[in-house]
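S.K.: Here it is, the structure, as structure tokens.
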Amino acid sequence: MRSTIGVRIFAGIAAIDVRDLRVVRGAKVVLPGISLEVEQATVTGLLGPSGSGKSTLLRAIVGVQVVASGSIHVLGAPAGAASLRSRVGYVTQAPSVYADLTVRENLRYFARVLGAPAVSVDRALEAAGLEDEGDQIVGTLSGGQLSRASLASALLGEPELLVLDEPTVGLDPLLRRDLWRTFRRLAERGVTLLVSSHVMDEAEHCDRLLLLRAGGLLADDTPDALRRRTGCADLDAAFLKLVESTG
Amino acid sequence: MSGRVTFATAMRVLLQLRRDPRTLALLFAVPPVLIALFRYVFDGQPQTFDRIGGPLVGIFPFIMMFVITSIAMLRERTTGTLERLMTLPLAKADLLAGYALAFAAVAVVQASVTSAVAFGLLGLDVAGSVAAVIGLAVLNAILGMSLGLFVSAFARTEFQAVQFLPAFVFPQLLLCGLLVPRGRMAGALDWASTVMPLTWAFDGLDHAVRGGAAGIVLRDTAIVVGVTVVALALAASTLRRRTS
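For the record, the sequence lines run as chains A and B.
Residue numbering for the first sequence follows our numbering, starting at 5 and increasing by one per position.
Residue numbering for the second sequence follows our numbering, starting at 2 and increasing by one per position.
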């Protein structure tokens with residue numbers, strides 16, 4: 005076990021280890037049997053068109069999704085284990101914060117639930133770029149501020165793994181850049197990030213890309229390797245080429 | 002379950018209520034106004050007002066907490082905050098107890114205000130103890146809250162949740178003995194009323210208001226508390242960490 009400034013890193017264990025995961029929602033098989041690994045202290049992008057199963061996969065990884073079969077291990081424990089609840093931060097697509105409270109009041113509540121110290125509230129506000137909006141009622145925030153308030157809640161208590169479902173939707177380019185910088189900083193401190201997006205240009209910021217299509221893994225590679233393999237300069241084109249070559 | 006998380010949850014729920022002054026005003030003003038309305042509707046029959054006024058003080062919190070909690074919990078479900086909480090180190094009991102604590106505090110204020118108006122201003126005459134009426138009012142509030150938490154799982158929208166009031170509460174109000182003694186109802190209704198929680202809540206209040214019969218009040222209180230515990234257990238079973 006080696007240690008960085010921020011988060012403990014366990015040698016030889018993937019942060020996320022998914023094997024033959026099958027998820028059925030209603031009559032639809034969303035994930036027919038996916039396997040993947042996510043390395044510790046990296047930023048991994050989960051990309052794919054909407055409806056490809058990204059959110060379902062993320063929900064399964066944080067343990068809020070009923071799964072039909074297969075196994076998921078997160079930080080060495082089965083997904084959804086009680087011991088993971090203070091070690092994994094999760095941001096849903098819908099900003100799940102209380103609209104009638106201020107940003108700070110939201111964070112203070114979630115911090116108390118986590119047993120995180122009071123200073124973590126200020127740290128989370130800073131990391132999400134919400135220092136000036138702390139005392140604003142969440143219901144009055146703009147769309148971008150709202151999703152950052154939700155992100156700030158997930159940063160409390162210094163989780164070792166952050167699972168973020170489309171965190172940059174509705175953000176302007178400047179904020180998006182800042183947010184990816186934050187993600188990079190967290191990864192440098194040892195935090196593992198799994199970030200979903202349907203915008204290909206965000207893939208550039210990731211160490212590794214998981215391309216999802218119709219519940220299956222189209223590619224699991226670094227951005228550079230993906231470009232080399234497809235002979236495409238930009239990742240958008242690379243993705244399209246992969247889709248076409250697999251039919 | 003952790004005292005810290007329960008307390009934090011109760012404070013959060015109260016803070017949300019405080020941010021909604023109109024709801025708070027309605028919570029504290031509507032019951033006294035309705036009691037006053039009853040007083041003057043039965044202007045010519047003061048003995049009727051004396052009979053139902055006291056128990057009403059303790060029944061209002063049941064009705065209002067039922068509606069408020071079912072909508073509050075529905076909101077937690079629809080806005081995703083419940084899903085977030087379920088991924089955090091929070092026991093289901095923390096959430097339920099937090100809600101219970103917060104709404105019990107609201108019920109204390111609501112029942113006190115209503116009592117002050119009913120017994121002070123309106124001259125409601127009771128032989129029994131006002132403190133007992135307030136105490137039972139708080140228990141009934143928690144009963145209403147527990148049932149509200151449970152039924153909220155069966156509503157997908159706030160429109161549906163509001164309909165649970167006429168669906169679940171009105172029949173209980175009609176049959177509990179408040180309007181007509183149960184013995185004078187059709188036999189089937191009398192029988193049906195025995196399995197309705199509000200019947201026992203009313204019966205306890207009725208006896209407490211008239212004074213004496215401490216044994217019956219205790220029995221009814223035990224029934225109310227028992228149903229509350231069952232409803233909370235059922236509500237806990239509707240809080241799922243994993244959903245499909």
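Beta carbons: idealized from backbone N, C-alpha and C, even for Gly.
I'd like to know whether the C-beta of Gln69 (chain A) is nearer than 8 Å to at least one C-beta of chain D.
M.R.: Protein chains in the displayed structure are A and B, and chain D is not among them.
S.K.: Just checking: is the beta-carbon of Ser159 (chain B) within a distance shorter than 8 Å of some beta-carbon in chain A?
M.R.: As a first step, residue 159 (chain B) is located in the second sequence; it is residue number 158 there, counting from the start. First, the residue type needs correcting, since residue 159 (chain B) is Glu and not Ser in the sequence shown. Taking Cβ atoms only, chain A never reaches closer than 8 Å to Glu159 (chain B), which makes this a no.
S.K.: Contact check, Gly174 (chain A) vs Gly133 (chain A) under 8 Å by CB: the rounded distance?
M.R.: Translated into positions along the first sequence, residue 174 (chain A) becomes position 170. Translated into positions along the first sequence, residue 133 (chain A) becomes position 129. 15 Å between Cβ atoms; not a contact.
S.K.: In whole angstroms, give me the CA-to-CA distance for Gln97 (chain A) and Gly81 (chain B).
M.R.: To locate residue 97 (chain A), count along the first sequence from 1; it is residue 93. To locate residue 81 (chain B), count along the second sequence from 1; it is residue 80. So the alpha carbons of these two residues sit roughly 9 Å apart.
S.K.: Consider the Cβ of Glu109 (chain A): report whether some Cβ of chain B lies at a distance smaller than 8 Å.
M.R.: Translated into positions along the first sequence, residue 109 (chain A) becomes position 105. Closer than 8 Å: yes.
S.K.: Of the residues that make up the region 83-116 of chain A, which ones have a beta carbon closer than 8 Å to any beta carbon in chain B?
M.R.: Here the close residues are Gly84, Ala86, Arg89, Ser90, Val92, Tyr94, Thr96, Ala98, Pro99, Ser100, Val101, Tyr102, Ala103, Asp104, Leu105, Glu109, Tyr113, Phe114 and Arg116.
S.K.: Any beta-carbon of chain B closer than 8 Å to the one on Val66 (chain A)?
M.R.: Start at 1 with the first residue of the first sequence, and residue 66 (chain A) comes out as number 62. Output row for Val66 (chain A): interface = yes.
S.K.: With contact counted as at least three CB pairs below 8 Å, one residue from each stretch, are the region 175-184 of chain B and the region 199-211 of chain B in contact?
M.R.: Result yes; three or more Cβ-Cβ pairs closer than 8 Å.
S.K.: Using 8 Å as the limit for Cβ to Cβ distance, is Ala154 (chain B) near chain A?
M.R.: The count along the second sequence starts at 1 and reaches residue 154 (chain B) at position 153. By this cut-off, Ala154 (chain B) is not an interface position.
S.K.: Please report whether the beta-carbon of Ser130 (chain B) lies at a distance below 8 Å from any beta-carbon of chain A.
M.R.: On the second sequence, residue 130 (chain B) is found 129 positions in, with the first residue counted as 1. Answer no: the Cβ-Cβ gap between Ser130 (chain B) and chain A never drops below 8 Å.
S.K.: Quick one: grab the DSSP three-state call for Glu41 (chain A).
M.R.: To locate residue 41 (chain A), count along the first sequence from 1; it is residue 37. DSSP places Glu41 (chain A) in strand when its eight states are reduced to three.
S.K.: Starting from the C-beta of Met74 (chain B), find all residues in its chain whose C-beta is less than 6 Å away, skip the five residues before and the five after it, and write them out in chain order.
M.R.: Taking the first residue of the second sequence as position 1, residue 74 (chain B) is located at position 73. Around Met74 (chain B): Leu150 and Ser153.
S.K.: Give a yes or no on whether the minimum CB-CB distance between Thr115 (chain B) and chain A is below 8 Å.
M.R.: Position 114 of the second sequence holds residue 115 (chain B). Not closer than 8 Å to any Cβ of chain A, the Cβ of Thr115 (chain B) fails to qualify, so no.
S.K.: Let me know the secondary structure DSSP gives Ile53 (chain B) once reduced to three states.
M.R.: Numbered from its first residue, the second sequence carries residue 53 (chain B) at position 52. Looking at Ile53 (chain B) - three-state DSSP - the assignment turns out to be helix.
S.K.: Nearest-angstrom Cα distance between Leu198 (chain A) and Ile76 (chain A)?
M.R.: What you label residue 198 (chain A) is simply residue 194 of the first sequence in a count that begins at 1. What you label residue 76 (chain A) is simply residue 72 of the first sequence in a count that begins at 1. Roughly 14 Å separates the two Cα atoms.
S.K.: CA-CA distance, Val110 (chain B) and Leu51 (chain A)?
M.R.: Your numbering for residue 110 (chain B) matches position 109 in the second sequence. Your numbering for residue 51 (chain A) matches position 47 in the first sequence. Approximately 53 Å, taken between the alpha carbons.
S.K.: Do Leu140 (chain B) and Ala37 (chain B) have their C-beta atoms within less than 8 Å of each other?
M.R.: Locating residue 140 (chain B) in the second sequence gives position 139, where the first residue counts as 1. Locating residue 37 (chain B) in the second sequence gives position 36, where the first residue counts as 1. The answer is no: Cβ separation not under 8 Å.
S.K.: Between which residues of its own chain and Arg127 (chain A) is the CB-CB distance below 8 Å, once the five residues before and five after are set aside?
M.R.: Taking the first sequence and counting its residues from 1, one reaches residue 127 (chain A) at position 123. Leu159, listed in sequence order.
S.K.: Which of helix, strand or coil does DSSP assign to Leu235 (chain B)?
M.R.: The residue labelled residue 235 (chain B) in the question sits at position 234 within the second sequence. DSSP places Leu235 (chain B) in helix when its eight states are reduced to three.
S.K.: Going along chain A in order, which residues have a C-beta closer than 7 Å to the C-beta of Met87 (chain B)?
M.R.: Within the second sequence, the letter at position 86 stands for residue 87 (chain B). Correct list: Val68.
S.K.: What does DSSP give as the partner residue(s) for Asp225 (chain A) in the beta ladder?
M.R.: On the first sequence, position 221 is the one that residue 225 (chain A) refers to. A:Leu213.
S.K.: What does the alpha-carbon distance come out to for the pair Thr70 (chain B) and Thr144 (chain A)?
M.R.: Residue numbering aside, residue 70 (chain B) sits at position 69 when the second sequence is read from its first letter. Residue numbering aside, residue 144 (chain A) sits at position 140 when the first sequence is read from its first letter. Thr70 (chain B) and Thr144 (chain A): Cα-Cα distance of roughly 24 Å.
S.K.: Name the chain A residues whose beta carbon is nearer than 8 Å to that of Ala9 (chain B)?
M.R.: Counted from its first residue, the second sequence places residue 9 (chain B) at position 8. Ordered by position in chain A, the residues that pass the 8 Å Cβ test against Ala9 (chain B) are Tyr113, Arg116 and Val117.
S.K.: Ile20 (chain A) bridges to which residues according to DSSP?
M.R.: Counting from one through the first sequence, the residue named residue 20 (chain A) turns up at place 16. DSSP, once it has assigned bridges, lists A:Val42 and A:Val78 as partnering Ile20 (chain A).
S.K.: Flag Ser71 (chain B) as yes if its beta-carbon sits less than 8 Å from any beta-carbon of chain A, otherwise no.
M.R.: Taking the first residue of the second sequence as 1, we reach residue 71 (chain B) at position 70. False, the Cβ-Cβ gap to chain A never drops below 8 Å.
S.K.: Distance check for Ile64 (chain B) and Phe171 (chain B), CA to CA, integer angstroms please.
M.R.: Numbered from its first residue, the second sequence carries residue 171 (chain B) at position 170. Numbered from its first residue, the second sequence carries residue 64 (chain B) at position 63. Their backbone Cα atoms lie some 9 Å apart in a straight line.
S.K.: So, for Gly84 (chain A): in the same chain, excluding its five sequence neighbours on each side, which residues have a beta-carbon less than 6 Å away from its beta-carbon?
M.R.: Within the first sequence, residue 84 (chain A) is the residue found at index 80, counting from 1. Excluding sequence neighbours, Gly84 (chain A) sits near Gly67.
S.K.: Measure the CB-CB distance between Leu60 (chain A) and Thr196 (chain A) and report whether it falls below 8 Å.
M.R.: Along the first sequence, one-based indexing puts residue 60 (chain A) at 56. Along the first sequence, one-based indexing puts residue 196 (chain A) at 192. First, the residue type needs correcting, since residue 60 (chain A) is Thr and not Leu in the sequence shown. Not in contact: Thr60 (chain A) and Thr196 (chain A) (Cβ atoms no closer than 8 Å).
S.K.: To the nearest whole angstrom, what separates the beta carbons of Leu213 (chain A) and Asp225 (chain A), a pair I think is in contact under 8 Å?
M.R.: Translated into positions along the first sequence, residue 213 (chain A) becomes position 209. Translated into positions along the first sequence, residue 225 (chain A) becomes position 221. Indeed they touch by this definition, with Cβ atoms about 6 Å apart.
S.K.: Can at least three beta-carbon pairs, one atom from the region 158-165 of chain B and one from the region 218-228 of chain B, be found at a separation below 8 Å?
M.R.: The region 158-165 of chain B is not in contact with the region 218-228 of chain B.
S.K.: Less than 8 Å between CB atoms is the rule here; does Arg152 (chain A) satisfy it with respect to chain B?
M.R.: For this step, residue 152 (chain A) is matched to residue 148 along the first sequence. Not closer than 8 Å to any Cβ of chain B, the Cβ of Arg152 (chain A) fails to qualify, so no.
S.K.: Can you list, in chain order, the residues of its chain whose CB lies under 7 Å from that of Val210 (chain B), leaving out five sequence neighbours each side?
M.R.: Start at 1 with the first residue of the second sequence, and residue 210 (chain B) comes out as number 209. Excluding positions up to five away in sequence, the list reads Gly55, Pro56, Val127, Gly129 and Val134.
S.K.: Report back the beta-carbon spacing between Val142 (chain A) and Tyr102 (chain A) to the nearest angstrom; my notes put them in contact at under 8 Å.
M.R.: Reading the first sequence from its first residue, position 138 is the one you call residue 142 (chain A). Reading the first sequence from its first residue, position 98 is the one you call residue 102 (chain A). That pair is a contact at about 6 Å.
S.K.: With distances taken from CA atoms, which of B:Gly216, B:Ala214 and B:Leu102 is nearest Met66 (chain B)?
M.R.: Walking along the second sequence from the start, residue 66 (chain B) turns up at place 65. Among B:Gly216, B:Ala214 and B:Leu102, the Cα nearest to that of Met66 (chain B) belongs to B:Leu102.
S.K.: With a threshold of 8 Å between beta carbons, is Arg29 (chain A) in contact with chain B?
M.R.: For this step, residue 29 (chain A) is matched to residue 25 along the first sequence. Taking Cβ atoms only, chain B reaches closer than 8 Å to Arg29 (chain A), which makes this a yes.
S.K.: Hey, could you find the ends of the alpha helix (DSSP H) Leu198 (chain A) is sitting in?
M.R.: Within the first sequence, numbered from 1, the residue matching residue 198 (chain A) stands at position 194. Run containing Leu198 (chain A): none in the alpha helix (DSSP H); it sits in the beta strand (DSSP E), Thr196 to Ser201.
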